[in-house]
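*Asks:* Below are the structure tokens for one structure; questions will follow.
Right, here's the structure in full:
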């Protein structure tokens with residue numbers, strides 16, 4: 001049975017494993033960076049199959065206006081079972097209906113997010129990271 005949890009602490013290694021098994025492009029071998037990502041994100045929703053971490057939605061939010069969903073990753077062995085939707089739905093439950101949920105999608109996921117209720121926007125900008 002899959003369990004969705006909010007605020008459950010995970011290790012950088014657990015995060016790296018889920019990222020690797022989901023094929024999301026993240027710094028898998030930089031555990032210090034992953035540790036900082038966990039430390040500074042303030043909303044973590046996780047999916048578990050027993051004791052095994054199988055999915056994660058990591059966000060930064062002020063809980064009153066805006067929430068940035070930085071990472072949404074589900075182990076490929078568990079994809080197409082609605083787990084990503086459950087992670088997003090729980091994130092939305094946590095922030096409330098008056099908070100805008102934003103994300104930056106990979107090219108491969110552009111068709112996925114509209115299925116979850118996201119609307120594509122064209123008025124966004126980014127300053128790319130150096131590393």
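Residue numbers (full-length UniProt numbering): 1 to 131.
The C-beta atom is built at its ideal place from N, Cα and C for all residues, glycine as well.
1. Between the alpha carbons of residue 119 and residue 88, how many angstroms are there, rounded?
2. For the 8 Å Cβ check, are there 3 or more pairs between the segment 72 to 79 and the segment 44 to 54?
3. Could you compute how far the alpha carbon of residue 18 sits from the alpha carbon of residue 73?
4. Classify residue 66: buried if its beta carbon has 16 or more other beta carbons within 10 angstroms, exposed otherwise.
5. In terms of residues, what are the limits of the alpha helix (DSSP H) holding residue 33?
6. Does DSSP put residue 104 in a helix, in a strand, or in coil?
7. Suppose you measure from the CA of residue 62 to the CA of residue 22; what does that come to, to the nearest Å?
8. Is residue 47 buried or exposed, if buried means 16 or more other CB atoms sit within 10 Å of its CB?
9. Using three-state DSSP, classify residue 61 as helix, strand or coil.
*Replies:* In terms of the structure at hand:
1. 14 Å
2. yes
3. 7 Å
4. exposed
5. 31 to 40
6. coil
7. 27 Å
8. buried
9. strand
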